[in-house]
Every structure is written in structure tokens, then in C-alpha cells.
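Asker: One structure follows; several queries about it will come next.
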Amino acid sequence: TSPNKPLSFKRIKGSGTYHLYPFMNKHKPWIETSYHGVITENADTVLLDPPLVALDKDAPIPYAGEICAFKIHGQDAPFEAVVLNKTSGEGLLRAKRPIDCEAQKEYTFIIQAYDCGAGPSGASWKKSHKAVVHIQVNDVNEFPPAFREPMYHAAVTEGKIYDSILQVEASDQDCSPQYSQICNYDIVTPDTPFAIDRNGNIRNTEKLNYDKQQQYEIMVTAFDCGQKRATESAAVHIDVKPVCKPGWQGWNKRVDYEPGTGSKQLFPKMHLETCDGPLSSVRATVELQTSHIGKGCDRETYSEQSLQKLCGASSGSTDLLPAPSASTNWTASLLTDSGRDSDLIFRFDGRQAAKIPDGVVPQNLTDQFTIATWMKHGPSPGLRAEKETLLCNSDKTEMNRHHYALYVHNCRLVFLLRRDFTQVDTFRPAEFHWKLEQICDKEWHYYVINVEFPLVTLYVDGVTYEPYLVTDDWPIHPSQIDVQLTVGACWQGGYGPRFTQYFRGSLSGLTIRPGRIESQKVISCLQACKEGLDINSLEGLGKGIKFHFNPAQSILVMEGDDLENINAALRKVSYINSRQFPTPGVRHLRVSTSVQCFGEDTCISIPDIEAVVMVLQPSEPQITIAGAERLTRPAGELRDPAGLLLFQDLHIVSTITRRVSRLSSPSARGPGVLEEIIHNLDYCDILVVGEELQPERESLELPHSALLGKHLDATNSTSGISIYGVDSMSNYEQVIRQVRYHTWHTAAIADRKFRLTCSELNGRYTSNEFNLEVSVLHNEASMDHVNHMVAQPQYLPVRHPVLSPHAAIPSLATVVIVMCIAALVVIVVLGIYRIHVAHQQSSRGRDGAKDGELDWDDSALTITVNPMEVRRLGDELRASERDGGEVCVCVCVCYFNTKTFFLTVEYILLTPFENVGNTYFNVNSKSSEMQDNKKKRDLFTLGLYMV
């Protein structure tokens, strides 16, 4: 022992004696310098390598050689070490609380061992050196995989096999690689053309077809390396796009156009797909194809004369191809195209031509005149070298000289003008040639030739063209040969008169106007289309957009360098038809596009698109003419120089049936409701029904002042009056109301009938036939036409009076009649008495056998009257009745029997009654005796004259 330390002893029981040992703690415990441990997540025991054991060299000395504790030094290490055996020094490292691998995977701390000291008190204990303990937490697969997105979306192009369309990704919250890593993915949806690899890449196993299926939806799940499956699967949407083809998208193949709705956008959602090509400029051309509509497009279908007046053309033009009629019959043999909507189109197939009658057009035109026509012409195979004549003025007989002509030769338009020596005697221009594509393109064009000799100007669809070739010639020598004007060929007067140089094509509206030329404004108006392309809101066009229309507005060209601006500009393109009643049917649309790329002339090809505009059928107007259908007037009013106004109360109205939607008007019944509309008329005809007017005694008159200030003209003939021109219904009413009928010989006229019809759009819509009957009331001086013949058996006798409620005799008339009868009776009685006395003296010696010849018929008198005989009387009575008077005619006749001296007073009561628009009479007689039927008739006739 150390002399510096006190000795300590311990009493030990045994054998009754006590042994004393000194307490010494000479050595400190020993442990390993480092430990590596593993603990399972959520467990408490740590498995250390090497095991936790402390040794002490003081063993087996009690206390000093024993291990009493292990102590851990570290920052909040969740572990503790306990001594399992003090003598052997074995210890145990355990967790003080559940260990979470996701919170911390490893722990490192310091541990030391402590012995029990020098004695029971634990004094003088010793501690070992510091050992490093490294603990690794073993993970438990407690979390399933979870996808980072609940839904994935991708788009693919049809017809391709992709290595990877898209990648799905799942994660696991476990801490260890074994359980935190996703080792596998799987497609849950069966029978799909897709596969997925362990990294989550989805690919298609076959080529997809856009037409077959445009979208797929598949469900995908994931597994971690512990084969724990994801709780929720992820949805994957895959859109199949068609193969990217550059072109316009988002347009409709058909656009319906409702008449009267203004402009309609054609491509409201259209855009150009360029497949990501770098573009420097885009040029788009929109073309409206209307060549199959009318004469090239939807134009007004009024007559040529009406259109010229509407456009303000000079008067005096002559229509060389009018509608066939009694006065214009030279076009009756020509072929017409009846398929066009009210357009008068003549078709020439190389075998037809028409001779214009003499006097329709002056033989020699002046230095100024205009020839205009619509022409549709195409090259004729094998016959292109032959001249095809539209208009020709040539010698009628003996010679074949052409004075002026308009013809087509080798797709060139040629105008020939040979002047007479009386007009000019020098070498002057005679043939004018134009070479134009329009002449043989088989489309309709409007040609106008203005002649201001020696200058000749051609207008085609309003555009001016100068002749490319002018040839000179000598004037024609004067002669006495008449000339013949022809259309569709040229007349050859010499060497067997015949037509030659036939035209092949279609013509319409061929006119010639001597003495004047037309202005370009009028020409543009005459050929203007009423339908075309338009742009909504020019102010809204994007920056850098350039555009222009052709004169007919059937072609629109747009150009720009910005794709979005081009798309926006094309969406503003619209169709418009300004006609109130447009021609229904299809209009074709074509959009052609050219694209330029940077540094290249062209980079991608944009296919043309074809669409149609369907113009729907407009509601057809019902034009109705109403007014008084019967006029009864005294003869004097018709003889008056002012004449009789026929249509004073005339009214013209037009209605359409407007379709009503049940949604907008639930109470509406039937297909629609009538709605009155206002539109123009282009002619009204007042025709004489029956015999034509006899100019020596009657006429229809229309004052010229009635047409002033209106777009109307009129023609008058013995068959009636025609009023024509495009004007409003109210103006037509005003003019027709001033038509008068005048006759100088009313005695020969009982009545006249007239028929009025009106039209819109050259007969496309016509009115009802309004019939007017004019009856003439004759006075007593003009009643010599009454028939005195016995009425035919078909008129039934009337034996009993049938009095109308309106036929009561006024009180004043009754008094006058009674006084007249009384006076007549007195005079007759006195006269009869004197006659009787004289007769008695002279007849006493006569044979009584002859008495039987003087017997009178005692039967009651019954007279049958033909209503047509007293028609004028009935008209007068009805006229009086309309004026508010009560009409009744009483005729009294007194006669006597010279044999029996029996006085008879007979009255005849005439009362009017209506029957089918005519006035008949009830004839009621009261008589006792009469001699024979002849006397009866004579007496009744006398009564009518008295009336």
C-alpha cells in the first residue's frame, strides 16, 4: 500500500473471525474504442458490433473490479446503455423512444464505462476511455409509393412509334433505398396500345390512328423495391393528333346565308397551321365563284330598259334582244335559257340568228353611239378561225358589204365601222381589235363599245381597254341598197341571200344607242354585282396587313408578315348580298395561300380549301292589288274631255310569310305570320279585256306629268297601257290612279273591262289579276237599243210582287203618282166617252158575226222581262239607291173595251233586287182585260219609255 493513503478494511464474516482487507481501485475499466450498431425502425434494442462489454483489471476485487455503469455523451442521443452484469461487464445499448428512420438514419455518440469504485460507497470510481458508437437505423417499409402528379397529359401525332411519350414519376417516403426507391411501374388499364418501363416512360406499342381514336386514358400504378404498391393510381391522357399538315384549320365547308341579314362572316374561327415552320410572309387569296348565277353573279334581273333608267343612262337606247311579243317578234325563234332566274338570256348554237326589222335602229349611225351587251363565249373546237358575229349591219340585197359589225375572231373582239363617202372621203380607221382573256374564258362579261369617231373605247366589266390594233380602210361608196341589221350572224345579201358567220355562245341585253355614249359611272352601275366579298371593320385589321379587291369584289387578296394578324384578318372576311330577293343556291368559295420563309422562296405548301355559301330561299312576296272592281257612271262623264279615272281607290300591297320560332313566340300557330313589306315594282300592265280600243271613239290616257320625277315610262296602244321602270309601289299607285278612260260615242258602248297586273324582278313575282268593269248609264235619248222582242223562255215570269225592304215608295213619290193617275183617269174617261158615242153611231149596222174578232182576253196579264233589256235602267236605279234614295217605279196604263165599254187601269210596279251582281226587276201587273199579247207588249214598252 501506499504510505500516503490510509488503509481501509472490510469485515468478512466467517468462522467467527473477522478478516480485514484493504479497499483499493487500482485500474480503470476498459472498452473498445469504437462500436457499430444497428437498430430497426420503431424497435428499442441496438445490436452492437462488437458487443458492449467493459473489463477491469481490478477484478475479481469487489467493487474495483466490477462495472457499475455506461454513460453516453452526445447531443440528445435517443439511446441509453445499461449494465447487464457487473462482474462480467456486459452492457446493453437501447433506444429511449421509438426511432424514426425518416427523421434520422444514423446516430454517432460517445460512450464510457464506469467501475464501482473502491467500496460500497462507490467512491474512487474510475471511468474508461471514450469510445465512439455509430448507430445505423434499419428502415421498415411502412409507406406506399405516391405519384407526384394525379394526372398526366401528352399529345402524339398519329402514325408514329415513340420511344417515350411521357414519363410518370412516383416517390416513397421510406428512408432506405430498398423501400424508398420505385422499382417498377405498371399499366392497370387493359388492352391499350401502350407500355411502361421501370423508369416510368410510357411508349406506344403500335401506330395510332386519329380517325380510329382521338384520345386515350390509361391508369398507371407504381411499386417500391419492397413490392409495396401505390395506394392510388395515376391517370394519363394521351391525345392523338393527325399528322401535321400545313393548312387552314377551323373552317366550315358550308355557310348558310339568310337573305336580308347583311354581311355574314365566312371564317370566324379559321387559323393557319404551319407546323412550326419559320415564316416571313403569308399571301392568301379568297375567291367567290358565282359564274353559274345569272350573268356571272347575282345582279338585278330587271329588264334592260328598266336597268338603264335606274342607272341614269341616256334615253334613246334600243333593245335588240327583247322578250318576244307581238311588237318584238324577231326574237321568238331564238333559243332562250329558261334556267336563269328571270334573266332573259339568248343562246346561240351556230344555227340561229335574228333579223332586226327596218326602222328599229337608224341605218347610218352618227359619229357618236354606244353598243352594249352581255356575252358568254368560249372557243369552239375546230372552228376558231371562223368569224362569229354578234351584230352586223350589211347590204340586204345585191352586195355583201358590211357597214358596221361586232364579231369574235380567234378569241379577239373586233369592231368594224365603214363610213359612207357622204360622211367622210378619206382613208380612216375601220377595224378595231382587242385581244383579251375574257373573250374566250366561258364566263359572263359586260362589253360596252363607246364610239366617238375616230376614237373607239371598249369597257369590259367596267374596266377600260384600248385597241391593240387599228386598221384603216376607204369609206363605202354610196348606193341605194337597203341594209339589214342582224344579231347572231351576218346577212349576206349577194350570191344567194343567207346568214353566215354564226355566233356560238350566249347574249343578253344587247342594246344600241345612237347619238350618245355612256359614262363610265353608268357602265359600272349596269354591270355591278349585288353580291360579293366584304371585310368587317377595316379599322380592326392588324398592323402590316395589305389587301385589295377586284372590281367585282369577287376576289380578295390579303398579305402580311405576321401569322396571327393574317389569321385575324381572314376571320373578318364576309359575304354580302344587297338584293332584297337574292337568287337562292350555292356560291363556291376558294382560298389559296402561298407562304415564304426566311431566305427561301417557298418553304411549305398550303393546300387550297373549298367551301360553299348557301343562299337560302327568300320569302316570296305576295303582291296584291285591291280597289273598286265595278264602276257605273253616266255616259256624260265618259264623254267629258277629262275622261273617267279608273283606279281612284287603287292600293298595292305586298306581304310575306315570316317564319316564327316557337321559342320566340310560343303563342304563334301555323307556319308563320303575314308581314307587310315594301319593295319596288318594275312594270304594271293595264290590258283591255275583249275587243281592243277603237281609237276613233275611245282611248286610255295617262298624262305625261304623272311620270315626272319618277323612274317610270309608259307605252300606250289599243290593247292597253304598260307602265315600266324600277320604282316604289307608292309611285306606281300614284301613276296608275291617273289613268283615264275617255269615249266619244257612249251610245255604242255598254261596258268596258280592264285587267291590271304588276310585277317585280321582270316577272319573278307577279300580282293577282285585278279586273275592273266600267258600265255606262244611258239617258232617255239613248235608249233605242232596248229589245222589243218577246223574252226567251229561259227567263221565268214573276207573278207576285217581291218588295225589297229598301224599295218602299217615299211619301212624296206616292202623292205625285196618285195625282198623276187621277188626272190621267179623268182625261181618259172623257176621251173614251166621246169615242164611244162616235163608235156606237158607226157600228150599229155591222154583222154580229164579227163581234168575236173584237173580244179581249180576260186572263190576267203576265209580262216576262229579259233582265239584259233593262240593265241600264237597273244601273240608274242602283246608283240612286246608293245615294240614299228609296227606289220604286210605278207605270200606269189605261185602256178600254170598245165593245163592253169596260175601263181598265193597269199598273206595273218595278222594284230592283240584287242577284249575282246584276239588277233584275219584279214586274207585277194588275189588269182585267186586254185585246192581245201584242198590245200587252206595246203597252209595257210604253211604260218603260215613260220611266
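Heads up: the sequence shown begins at 77 in this note's numbering, then just goes up one per residue. For every residue, glycine included, the Cβ atom is placed at its ideal position computed from N, Cα and C.
1) Closer than 8 angstroms by C-beta to F723: which residues in its own chain qualify, once you throw out the five before and the five after it? Chain order, please.
2) Got a sec? Which residues, its chain only, sit under 7 angstroms from T366 by beta carbon, not counting five neighbours each side?
3) Can you find a heavy atom of the ligand GDP that lies under 6 angstroms from the Cβ of S695?
4) DSSP beta-bridge partners for Y759?
5) Name the one or two DSSP bridge partners that Q698 has.
6) So, are the CB atoms of I699 and S843 less than 7 angstroms apart?
7) Taking contact to mean at least 3 C-beta pairs separated by less than 8 angstroms, is the segment 575-584 in contact with the segment 332-348?
8) Should Y483 and W510 be called a contact, given that it needs their Cβ atoms to be closer than 7 angstroms?
9) Quick one: what's got a C-beta closer than 6 angstroms to K385's C-beta in the same chain, skipping five residues either side?
10) Under 6 angstroms Cβ to Cβ from H112, same chain only, skipping five residues before and after it: list those, please.
11) Any contact between the segment 132-140 and the segment 230-240? By contact I mean 3 or more CB pairs, one from each, below 8 angstroms.
12) Please classify N863 as buried or exposed, where buried requires at least 16 other C-beta atoms within 10 Å of its C-beta.
13) Using CA coordinates, which residue listed in I314, R173, T184 and T268 is at the minimum distance from I241?
14) Given that a residue counts as buried once 16 or more other Cβ atoms are within 10 Å of its Cβ, and exposed if not, what is G150?
15) Using 8 angstroms as the threshold, is the segment 220-229 in touch with the segment 291-307, meaning 3 or more CB pairs across them?
16) Based on the DSSP secondary-structure assignment, which residues constitute the bridge partners of M227?
17) If contacts are defined as beta-carbon pairs under 8 angstroms, then V524 and Y535 qualify, I think. What distance do you get, rounded to the angstrom?
18) Does DSSP classify K622 as helix, strand or coil?
19) Please return the same chain residues whose Cβ sits closer than 7 angstroms to the Cβ of W450, not counting the five positions on each side in sequence.
20) Which whole runs of the alpha helix (DSSP H) in the segment 226-285 are 4 residues long or more, in chain order?
21) Nearest by alpha-carbon distance to P505: which of P543, T791, L489 and D537 is it?
22) Between the beta-carbon of V129 and the beta-carbon of E166, is there less than 7 angstroms?
23) Closest to G1043 by C-alpha separation, out of L466, Q243, V765 and P683, would be which residue?
24) Taking the DSSP output, what are the residues bridged to S851?
25) What residue from D395, V232, N118 and L466 has the CA that sits closest to C320's CA?
26) Is the beta carbon of R330 less than 7 angstroms from the beta carbon of V688?
27) Which runs of the beta strand (DSSP E) fall wholly inside the segment 389-435 and span at least 3 residues, in chain order?
28) Look at the alpha carbon of A826 and the alpha carbon of E705, and state the distance between them as a whole number of angstroms.
29) Do you know how far the Cα of S851 is from the Cα of A955?
30) To the nearest angstrom, report how far apart C605 and T819 are at their CA atoms.
31) Look at the Cβ atom of M475, then the Cβ atom of G570, and state whether they are nearer than 7 angstroms.
32) In whole angstroms, what is the alpha-carbon distance linking F623 and G323?
33) If you pair each beta-carbon of the segment 587-599 with each one of the segment 431-447, do three or more pairs fall below 8 angstroms?
34) On a Cα-Cα basis, can you pick out the residue from P253, S309, K181 and A119 that is closest to V264?
35) May I ask which residues mark the beginning and end of the alpha helix (DSSP H) holding C601?
36) Please report the straight-line C-alpha distance between T22 and R423, rounded to a whole angstrom.
Answerer: Answer, in terms of the structure:
1) G703, I812, R813, V815, L832 and L848
2) Cβ neighbours of T366 beyond the five flanking positions: G372, C373, D374, E607, S630 and R663.
3) Inclusion of the ligand GDP in the displayed structure is not the case, the ligand content being empty and no account of it being possible.
4) Y800 and S835
5) T731
6) yes
7) No, because fewer than three Cβ pairs between the segment 575-584 and the segment 332-348 fall closer than 8 angstroms, the two stretches do not touch.
8) no
9) H787 and G801
10) D125 and H210
11) These segments do not touch.
12) Summary for N863: the model assigns pLDDT 37, below 50, so the residue's position carries little reliability; its value from the coordinates is reported in the next sentence. N863 is exposed by the Cβ-count criterion.
13) Comparing Cα positions, the closest option is I314.
14) exposed
15) yes
16) DSSP links M227 through a beta bridge to A311.
17) 4 angstroms
18) strand
19) K371, W520, Y522, L583, S584 and G585
20) The qualifying runs are 253-256.
21) P543
22) yes
23) Since the first and last residues shown for the chain are 77 and 1023, residue 1043 lies out of range.
24) T708 and D827
25) V232
26) yes
27) 422-425 and 430-432
28) 16 angstroms
29) Low confidence applies to A955: its pLDDT is 45, below 50, so where it sits in the model is not reliable, and the reading given next is rough at best. Near 11 angstroms, if we compare the C-alpha coordinates of S851 and A955.
30) For C605 and T819, the gap between their C-alpha atoms comes out near 48 angstroms.
31) yes
32) In this structure, the CA atom of F623 is about 20 angstroms from the CA atom of G323.
33) yes
34) S309
35) Q596 to Q603
36) With the chain covering 77 to 1023 only, the question about residue 22 has no answer from this structure.
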